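Protein chains: 2
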Amino acid sequence: MANEAFDFELIVLGAGSAGLGLALFMAKAKLSVLLIDKTAQDVGGDCLNHGCVPSKALIHAARQVHQSRQAARFGVQVSGAADLGRVMDYVQERQAIIRRHENPDYLREQGITVEIGEPRFVGPHDIELNGRTHRGRRLVIATGSRPRQLAVPGAELVAHYDNQHVWDLRQLPARLLVVGGGPNGVELAQAMQRFGAQVTVVHSDKQILEKEDPSISAVLLERLRGEGIDFQLEAKITAFSNANTAQVRHADGHETAVEFDAAYVAIGREVGFNGLQLEKAGVGLDAHGHLVLDEHLQTTNPAVFAAGDAANSLKFSHGAELHMRLLLFNFFSPIKKKLDYDHFSWVTFTDPEVAHFGLDAAELDKRGTAYERWETDFAADDRAVVDDYQYGRLLLFVEKNLLPGTKRRLLGGAMVAPGAGELVQELILANSSGLGVDALFDKIYPYPTAARINQALVVSQRDISPLTRLALDFAYKL
Amino acid sequence: MANEAFDFELIVLGAGSAGLGLALFMAKAKLSVLLIDKTAQDVGGDCLNHGCVPSKALIHAARQVHQSRQAARFGVQVSGAADLGRVMDYVQERQAIIRRHENPDYLREQGITVEIGEPRFVGPHDIELNGRTHRGRRLVIATGSRPRQLAVPGAELVAHYDNQHVWDLRQLPARLLVVGGGPNGVELAQAMQRFGAQVTVVHSDKQILEKEDPSISAVLLERLRGEGIDFQLEAKITAFSNANTAQVRHADGHETAVEFDAAYVAIGREVGFNGLQLEKAGVGLDAHGHLVLDEHLQTTNPAVFAAGDAANSLKFSHGAELHMRLLLFNFFSPIKKKLDYDHFSWVTFTDPEVAHFGLDAAELDKRGTAYERWETDFAADDRAVVDDYQYGRLLLFVEKNLLPGTKRRLLGGAMVAPGAGELVQELILANSSGLGVDALFDKIYPYPTAARINQALVVSQRDISPLTRLALDFAYKL
């Protein structure tokens, strides 16, 4: 390096999940760090401001409203729809609590230099911000992503929201159109239907949550239809003929119309680096406008890295966390780790939840890994019986070992059930720690916890072979 | 053995959790097994008929009723008390579903010989039942336990129920007196309060759930008091002066009266072997009337074993499961395992749930194990914030290692939080598989799952020492 005089050991562009984690660790290690975001309000990133935090608070409120109607079965009188204004008050109150630890002043108290503004590169190590230049030994682009916009004729006529603006709604639309049946679309669709809206979801694929195994997402679809949501699959909105009418083309070519009062758009996210002047730093983009990155999240400039949604991989808060951990490890270690999603997991926070971890069938087939597919419904599970969710389903991919007695690792799996996101945690731990399925077999579970289903599936796959039977008979009579 | 002609390889007295598991495995291994219970209805044991199954169904109904009142916050109109008759219909319907796999006919289809009646020993290997004698190579006493009766003057005047009879209630008592603040008492107390009864709990100890760490049970107590339950601790009922009045003596000696309409008695369980003629089999009892057992659950007759509540240890369904597994292992293995509760866990299914696993402070102190006590409240946990349970608490006991870099095992812990029974499952797995706390540190948790609190506590205990800081500084600048 020509000039070793750095103003900061690390400059982080973006104070979302990745940026906060990076800056907090650097400060804890007493290494100078500059954290930049556009506005003070943007600190916390999409997760706190528009994403996981408000949506999970909304889902909590929706679950309580739904449970209240279920309670009518036991004689309590329940009536009326939810007041969306009061729900949104709750959502904002929850955000305010988390913001106590995610705001510029708090971060400055932790030893981080925080600047607010629109940064741009002016050299390989140099960022210009509010008329000043800051030189960093290393820099991380963690500028996040934004919702993809609906490019359909007539969209400008329609009151439509995405995850950045839906939190401004104070009145429940009587009829809500949701565009997109991915995690974001179905979570909001269910919440709004539970509050009392009539929701229609238009989705291009033949299944909702198309990253999930069809046997898993089918269970959720049936539940959501049972709550009254109208799903139109393999369907596309071709135009809006007026503020309340969408034209929908179906797989077989015929067209129908959906009448609605407001629309929620959840058709994915996109990244962009406008204004960053990446070319001044020698940071390259590919033909799609994505950062060119190696498996260490390093850009074409060796001093500049990417993390979180800006790295254009799985767009989850904990994806940003994975990146953040990888970068910190590699910054401080002579041996560099590669980015690896083999133990990655995610949860869709519908009710029932859909949880997913490790490798799926497509990936295992691609790798040529020998595996078995183990699955069970929850019909005979005691907890599912007492808590009334016998519709649940668990799927595991287990290493196929030809040698008996060797450890059979858990390669991946998925679950759909109330609380599935928690019930799979021990499976994720087994997967990420390289435990064999025997570890689940050998555990004693408190009765009647819901996680017993994990063991039940493992136990059900243990057969007693004729040879084992002879050995057992002999041993028993000793 | 003088006479090798056995009618059955195993005879099991009692078709509860232990007995069913033993008989089903024997049948699967094609070894002849006789399973005996008093009545066809008793199959499934206390768990199915009077214990965990009906109580968890009741708790589910109570949670829905409680959630319905919570939903009023979001504008839904809710009024009235629950109809206990409808709740009990739900409870019985749930039991009927589980009974499909726990009844004589189903068990016979699995290859088990099932007899109904009152057995008694007539020799070391011999059971007489309904006028016939059956000789077993091995025999297991798994006859369970029964609720301890209230021995208080005037008890005969009072409409009182225990876990065997409370399921007959069809009308909610306006005022319910619960005697005993252990798991059984507090679970029922909360359910009944939520249905609309005014509940008073009288408990002899200074804390409820006295097997729990005081920091954990205090959180539950505060929540339950917040729901309106009147707890009288360090208090004893000395007499009932009439059908609706209990005299209560307090720690300081003063006496008060509690008015009530019905009483629920939850003062523990007792075992008894009346009618079994244990002396004919050379099966010994101690001064308390408990079976004399070695650490393999073997009685003073080498052919006779005990399992479940009859073995007079921790009285849980999954305790019976632990016994059942130990017996099966030892029956088929030349190396015998000893009974070991080091990784045992249990859950009290109140809301919030209280979960407990592994060794507690008292046991660790007794063993002289070096450990650290790590604990956190849930105030800053994102999931606790969005789902409104910032009162939660997690406690871990972690091995104290003087050598840096060595694995630090998780020795035990406890949690109070909604769903705690599920959230501790990965901790139980780490504990029972001998994983270090690093396995939790290294995991990537889907955001915002509740189980992240487990990692958060581990992370919070990692400090960067001045020496590490220097090393980090050096490594970063390489």
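Those sequence lines, one after another, are chains E and B. Residue numbers for the first sequence follow my numbering, beginning at 74 and rising by one. Residue numbers for the second sequence follow my numbering, beginning at 74 and rising by one. Cβ coordinates follow ideal geometry from the N, Cα and C atoms, glycine included. Since the model is a prediction, treat every value here as computed from it, not as a measurement.
Could you say which of E436/E, F405/E, S314/E lies nearest to K550/B if we only look at CA atoms?
F405/E
In angstroms with no decimal places, state the Cα-to-Cα distance between D546/B and V531/B.
Straight through space, the alpha carbons of V531/B and D546/B are spaced by roughly 24 Å.
Comparing C-alpha positions only, which one of A512/E, T423/E, V489/E sits nearest to T479/E?
Scanning A512/E, T423/E, V489/E for the CA closest to the CA of T479/E turns up A512/E.
Would you verify that the beta carbon of G494/B is, or is not, closer than 7 Å to some beta carbon of chain E?
yes
With DSSP as the reference, label S277/B as helix, strand or coil.
coil
Counting contacts by CB-CB distance shorter than 7 Å, is Q263/B in contact with chain E?
Contact of Q263/B with chain E is not assigned, every C-beta pair being separated by 7 Å or more.
List the residues of chain E whose Cβ lies closer than 8 Å to the Cβ of K101/B, in chain order.
I537
Just how far apart, CA to CA, sit W15/E and A524/B?
Outside the shown range of chain E, which is 74 to 551, sits residue 15/E, and nothing can be said about it.
Would you mind sorting A440/B into buried or exposed? The rule is 16 or more other CB atoms within 10 Å of its CB.
The sequence shown places Arg at residue 440/B, rather than the Ala named in the question. Exposed, since its Cβ has fewer than 16 Cβ neighbours within 10 Å.
Indicate whether at least one CB of chain B lies closer than 7 Å to the CB of M74/E.
Its pLDDT being 42, under 50, M74/E is placed unreliably by the model, and the measurement read from it follows with that caveat. For M74/E, the answer is no, since every Cβ of chain B falls outside 7 Å of its Cβ.
Is the number of C-beta pairs between the stretch 145-162 of chain E and the stretch 460-480 of chain B that are closer than 8 Å three or more?
In this structure the stretch 145-162 of chain E does not touch the stretch 460-480 of chain B; the number of beta carbon pairs closer than 8 Å is below three.
Buried or exposed for G484/E, going by 16 or more other Cβ atoms inside 10 Å?
Residue 484/E is actually Leu in this sequence, not Gly. L484/E comes out buried.
Could you confirm whether any beta carbon from chain B is found closer than 7 Å to the beta carbon of K388/E?
So no, K388/E is outside the interface.
Going by the beta-carbon positions, is the gap between K410/B and L399/B smaller than 7 Å?
yes
Please list, in chain order, the chain E residues whose beta carbon lies closer than 9 Å to that of E394/B.
I517, Y518, Y520
Are A96/B and L108/B closer than 7 Å when you measure CB to CB?
yes
Distance check for M488/E and T273/E, CA to CA, integer angstroms please.
If you draw a straight line from the Cα of T273/E to the Cα of M488/E, it is about 25 Å long.
With distances taken from CA atoms, which of T541/E, P407/E, A335/E is nearest A548/B?
Checking every option, the nearest Cα to that of A548/B belongs to P407/E.
Just to make sure I have the definition right: I need the residues of chain B whose C-beta is within less than 7 Å of the C-beta of Q350/E. Which are they?
Those do not exist, as Q350/E stays about 26 Å from chain B at its closest Cβ, beyond 7 Å.
Between the stretch 358-377 of chain B and the stretch 241-260 of chain B, do three or more beta carbon pairs fall short of 8 Å?
By the criterion of at least three beta-carbon pairs nearer than 8 Å, the stretch 358-377 of chain B is not in contact with the stretch 241-260 of chain B.
Take the Cβ of A75/E as the centre, count every other Cβ of all protein chains shown within 10 Å, and call the residue buried at 16 or more, exposed below.
With a pLDDT of 45 at A75/E, under the threshold of 50, the modelled position of that residue is not reliable, and no figure is offered here.
What residues from chain E crowd round G94/B, counting only those whose CB sits closer than 8 Å?
In chain order: nothing, as chain E lies at least about 11 Å away.
Starting from S506/B and walking both ways along the beta strand (DSSP E), at which residues does that stretch end?
No beta strand (DSSP E) holds S506/B; the alpha helix (DSSP H) holding it covers 498-506.
List the residues of chain E whose Cβ lies closer than 7 Å to the Cβ of S141/B, in chain order.
Q140, S141, A144, V149, V151
With DSSP as the reference, identify every bridge partner of G485/E, one or two as the case may be.
Beta-bridge analysis with DSSP links G485/E to G431/E, F470/E.
Let me check one thing: in DSSP terms, what residues is K309/E bridge-paired to?
R322/E
When you compare the CB positions of L212/E and I84/E, do they come within less than 7 Å of one another, or not?
yes
For N176/E, which residues of its own chain have a beta-carbon under 7 Å away from its beta-carbon, when the five flanking residues on both sides are left out?
Hits under 7 Å: A113, V116.
Step through the CB atoms of chain E and report whether any lies within less than 7 Å of the CB of D460/B.
yes
How would you label E140/E, buried or exposed, when you count the other beta carbons within 10 angstroms and need 16 or more for buried?
Sequence check: residue 140/E is Gln here, not Glu. Its Cβ being crowded by 16 or more others within 10 Å, Q140/E is buried.
So what does DSSP say about R243/B, is it helix, strand or coil?
coil
Can at least three beta-carbon pairs, one atom from the stretch 313-329 of chain E and one from the stretch 356-365 of chain E, be found at a separation below 8 Å?
Too few Cβ pairs lie closer than 8 Å, so no.
Return the chain-ordered ranges of every alpha helix (DSSP H) run that is complete within the stretch 371-405 of chain B and spans a minimum of 4 residues.
Here the runs fully enclosed are 390-405.
Out of V338/E, T522/E, F417/E, G345/E, state which residue places its alpha-carbon closest to the alpha-carbon of T423/B.
T522/E
According to DSSP, what are the bridge partners of S509/E?
Just to set this straight, residue 509/E is Gly in the shown sequence, not Ser. Assignment of beta-bridge partners to G509/E by DSSP yields R482/E.
Taking the beta carbon of A91/B as the centre, do at least 16 other beta carbons fall within 10 Å, making it buried, or is it exposed?
buried
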